[in-house]
Amino acid sequence: MSILFRQNGYSLIELIVVIVIIGILASVAMNTLDGVEDVSRFEETRVEMDLLAYAIAGNPELVSGGVRTDYGYIGDIGALPQDWDALVTNPGYITWKGPYITDEFSTGAGNIYFKLDAWGAAYSNPNNIQFISTGNGQAITRQLAKSVRDLFYNQVYLTLTDYDLTPPGIDNVDSAKILLTYPDGVGGLTTKSKNPTANGLVVFDSVPIGIHRLGTIIIPNNDTLIRKVNINPGQDYYADIQYYEDIWGSGGGTAFQLELVSGSDSLTSANCFKLTFWIVNNTGSPITISSFDLSWTGPDGYYKKADWNSINVRNGNPALGNGDAVVFSSAQTINPGQSLPISVEQFHRNSNGGGPPVDMTGSQFTVEFSDGSTITFTVATCDG
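In the working numbering, the protein residues as written are 27 to 410.
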């Protein structure tokens, strides 16, 4: 008896179907891998752009004792780098303290990889408020700050008094000098020197971000006090400087009610809709203020927010208009001889506080405080 064995195989059609299916799966897998790789490169580029931004303008999260400690290249030089090489090689500046970034892929000679995104394309030049990666076919932008002003045109407001809070007075404005030293933008340092006003106010403008040296010279005593000031992006600096001796006596000021500090009124921001002015207490006694009425000659505008000495005392609805009272959330006290800023923002067209911004340049403002003091001033220019 013979036994027959039948050997079954795959037909040509079946083999073709299998090959087609394998090809489809391979194509899907490759597309998926390409997508994963692209996401990975995007994330790698984003992280590297953050590191480059920190190298240029500092890392705001590096803080010691509640004070920011890192301002990058700008903090040391006072200007943007002209090219990426300036972050790793000193262009010949005395104040340069780099390298500000380390190229982990170079052995010391090349130092090129930090200039390239994850696709191998070069970043745009860093001599701008932002830089761009275009390696993936569309722009990835890293902004250093909201504006150039935030990095290089900050203001420093100081009030100088002696031990019993007496300002210099009109007869003693030359008896003190304030020196602010900071990078000049071309590799060196510059020092601005100012005498205080009779009310003790000193204002420095166009100050770049960084940790700068502030010196107070009391000329009668030939004494100098040194401190550091931290200038953060877009944040004007306010400080009271009180000398530890009675230099000017009780006659340093002039006995009036609250007064406007001459020349302290300004409009800031790009839209010229934030009003700031300084007042001084020359009465010799503390004054407590719970509200003020604000009126002006000029365009119609409405605002919601008011700050007293950088403390928010009014914020919210309803919006306030010409002649309305700003009622403080809590009463505030100004001490004898003290100068402090008041800010009102932001003027908008609509009565609900919204709509387009209103430029208040040229408006004459009148402020009547709850103690009866009244000041009037005209803001002729905008510092935005």
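The beta-carbon is built from N, C-alpha and C at its ideal position, and this holds for glycine as well.
message = According to DSSP, simplified to helix, strand and coil, what is Tyr-183?
response = strand
The region 149-163 touching the region 66-74, judged by at least three CB pairs closer than 8 Å = yes
query = Start and end of the beta strand (DSSP E) containing Gly-211?
reply = First-last for Gly-211: undefined, no H or E at that position.
task = Would you mind listing the beta strand (DSSP E) stretches within the region 223-277 that are 3+ residues and don't spill past its ends, in chain order?
result = 227-233, 236-244, 249-257, 263-268
task = Could you pull the start and end residues of the alpha helix (DSSP H) that Leu-177 belongs to?
result = 174-178
inquiry  = Just verifying my parser: in three-state terms, what is the DSSP assignment at Ala-147?
reply    = coil
key: CA nearest to the CA of Ser-356, picked from Ala-345, Ile-337, Val-370, Ile-257   = Ile-337
request  = Measure the C-alpha to C-alpha separation of Ser-290 and Phe-303 and round it to an integer number of angstroms.
outcome  = 5 Å
task = Return the chain-ordered list of same chain residues with a C-beta closer than 6 Å to the C-beta of Ser-292, the five sequence neighbours on each side being excluded.
result = Thr-302, Asp-409
Three-state class that DSSP yields for Ile-368 in the structure shown = strand
message = Using C-beta distances below 6 Å, list every residue in its chain close to Phe-282, excluding the 5 sequence neighbours before and after it, in chain order.
response = Unreliable placement is indicated for Phe-282, whose pLDDT of 48 sits below 50; the coordinate value is still reported in the next sentence. The residues are Asn-308.
ask   = Anyone know if the C-beta pair for Ile-82 and Leu-51 falls short of 8 Å?
value = no
Rounded C-alpha distance that separates Gly-443 from Leu-205 = This structure cannot speak to residue 443, because the chain is shown only from 27 to 410.
key: Other residues of its chain near Asn-361: CB distance less than 8 Å, five sequence neighbours each side excluded   = Leu-191, Asn-307, Pro-312
Coarse secondary structure for Phe-140, derived from DSSP in three states = helix
inquiry  = In this structure, how does DSSP classify Thr-407 when only helix, strand and coil are distinguished?
reply    = coil
ask   = In the DSSP assignment, what are the bridge partners of Glu-24?
value = A query on residue 24 cannot be resolved here, the shown segment of the chain reaching from 27 to 410 and no further.
key: Neighbourhood of Tyr-179 by C-beta, 6 Å cutoff - its chain only, sequence neighbours within 5 removed   = Ser-232
ask   = Per DSSP, what kind of secondary structure is Glu-285 in: helix, strand or coil?
value = strand
query = CA-CA distance, Ser-399 and Glu-285?
reply = 8 Å
request  = Can you tell me which of the three DSSP states Leu-106 falls into?
outcome  = coil
Enclosing beta strand (DSSP E) for Gly-342 [first to last residue] = 337-346
query = Roughly how many angstroms separate the alpha carbons of Asp-176 and Arg-168, rounded to a whole number?
reply = 16 Å
task = Give the single residue among Ser-317, Thr-359, Asp-397 whose Cα lies nearest to the Cα of Val-370.
result = Ser-317
ask   = For Tyr-126 versus Tyr-149, is the C-beta spacing smaller than 8 Å?
value = no
ask   = Among all the DSSP beta bridges, which residues are the ones paired with Phe-303?
value = Ile-368
key: Terminal residues of the beta strand (DSSP E) in which Leu-293 lies   = 292-294
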